[in-house]
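What follows is one structure encoded as structure tokens, with my remarks underneath.
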Amino acid sequence: MGTFHDHSKMGSNHGMSVVIDTRGPTIYAGQCHEERDDVVILTNADVLDTSLPESKSKEEFVSFVARFGVHSRHARVSVPRTEIVSFRLLKDLR
Amino acid sequence: MVMPMRQETLDMGLSELLTAEDVESFLADKTGTKLLFYNSVCGCAAGGARPGLRLALASDTTPDQMASLFTGMEISAVEAARAAFPEIPGTSPAVGLIKDGEMVYWMPRHAIEGRMPQEIAAELVDAFNKFCAKTPA
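So the sequence lines, in the order shown, correspond to chains H and P.
Heads up: the first sequence runs through residues 8 to 101, numbered per the numbering used here.
Heads up: the second sequence runs through residues 234 to 370, numbered per the numbering used here.
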């Protein structure tokens, strides 16, 4: 019993925790809310910009979220499809 | 709406932490093992978490103390619990295992999503056996 998400409208990964890597310095993790033609929308997301000084690497970021989960630093982020190089379910990275 | 989900954890023998004071009291004694379950209404994950936890608690080795918090409901209690372990992201549902005051095992939301209760239980039982087994006298 609980709140069941409408996968038919939001995409098959709706509600799942994912990591989205981009061709640029940014990598995202969060709950997949909606997969649109132009963007993927994440909720309760964390974003790493590796171009910032003292930033951890993308590998370190993925290793942390795979083990412990995602720090919810952003209520909602939109990731442009054109930037995405990989889309992975966090449960497959443990 | 959440009453049946609360009742599931009460039926498993978990106490409810409703306030920040409840959390502080639960965590005050640093000895032994404690299970902290972050309950949630999300059917994608919590719908498997509660039955998985119930199966795991039928094993021979279980934590000394067990409690649940309901995320999105008892805000101050959840904030207090998360503040006690700030390095751990606040995902829910989730299961934490604390030994002698340290979070030694963490099952985040994504380790629950899409898994059968039996799979969740098997991982929890492994953690119980690893961290909660009593050393023979």
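By construction, the Cβ of each residue, glycine as well, lies at the ideal position given by its N, Cα and C atoms.
Which residue from the options puts its Cα closest to that of residue i?
i: P:Asp333; options: P:Lys267, P:Met245, P:Glu249; result: P:Lys267
i: P:Met245; options: P:Pro296, P:Ala253, P:Leu260; result: P:Pro296
i: P:Leu269; options: P:Leu357, P:Lys363, P:Ala291; result: P:Leu357
i: P:Ala291; options: P:Phe361, P:Met234, P:Lys367; result: P:Phe361
i: P:Glu307; options: P:Tyr271, P:Ala366, P:Ile321; result: P:Tyr271
i: P:Arg283; options: P:Asp262, P:Thr368, P:Phe364, P:Gln240; result: P:Gln240
i: P:Thr242; options: P:Ser273, P:Thr264, P:Ala253; result: P:Ser273
i: H:Ser79; options: H:Ala52, H:Pro60, H:Ser85; result: H:Ala52
In angstroms, rounded to a whole number, what distance separates the CA positions of residue i and residue j?
i: P:Phe318; j: H:Asp99; result: 25 Å
i: P:Arg287; j: P:Gly281; result: 10 Å
i: P:Asp359; j: H:Thr89; result: 42 Å
i: H:Met23; j: P:Thr304; result: 18 Å
i: H:Asp28; j: H:Ala82; result: 19 Å
i: P:Arg348; j: P:Ala313; result: 29 Å
i: P:Val337; j: P:Gln298; result: 15 Å
i: P:Trp339; j: H:Phe75; result: 7 Å
i: P:Pro350; j: P:Met238; result: 15 Å
i: H:Arg101; j: P:Leu251; result: 31 Å
i: P:Asp255; j: P:Pro322; result: 21 Å
If residue i and residue j are in contact, beta carbons under 8 Å, what's the gap, nearest whole angstrom?
i: H:Phe68; j: H:Ile34; result: 6 Å
i: P:Gly285; j: P:Ile353; result: 3 Å
Identify, in the order they occur along the chain, each residue of the same chain with its Cβ nearer than 7 Å to the Cβ of residue i, setting aside the five sequence neighbours on each side.
i: P:Arg342; result: Ala278, Thr324, Ser325, Pro326, Ala327
i: H:Ser62; result: Leu55, Asp56
i: P:Leu247; result: Phe270, Met299, Ala300, Ser301
Excluding the five sequence neighbours on either side, which residues of its own chain have a C-beta within less than 6 Å of the C-beta of residue i, listed in chain order?
i: H:Asn20; result: Cys39
- Query: What residues in the segment 315-349 of chain P bring their beta carbon closer than 8 Å to a beta carbon of chain H?
  - Reply: Answer set for the segment 315-349 of chain P: Glu320, Ile321, Pro322, Gly323, Thr324, Ala327, Trp339, Pro341, Arg342, His343, Ala344, Glu346, Gly347, Arg348.
- Taking only beta carbons into account, state which residues of the segment 71-100 of chain H come closer than 7 Å to chain P, listed in chain order. Of all residues in the segment 71-100 of chain H, only Phe75, Gly76, Val77, His78, Ser79, Leu97, Lys98 place a beta-carbon less than 7 Å from a beta-carbon of chain P.
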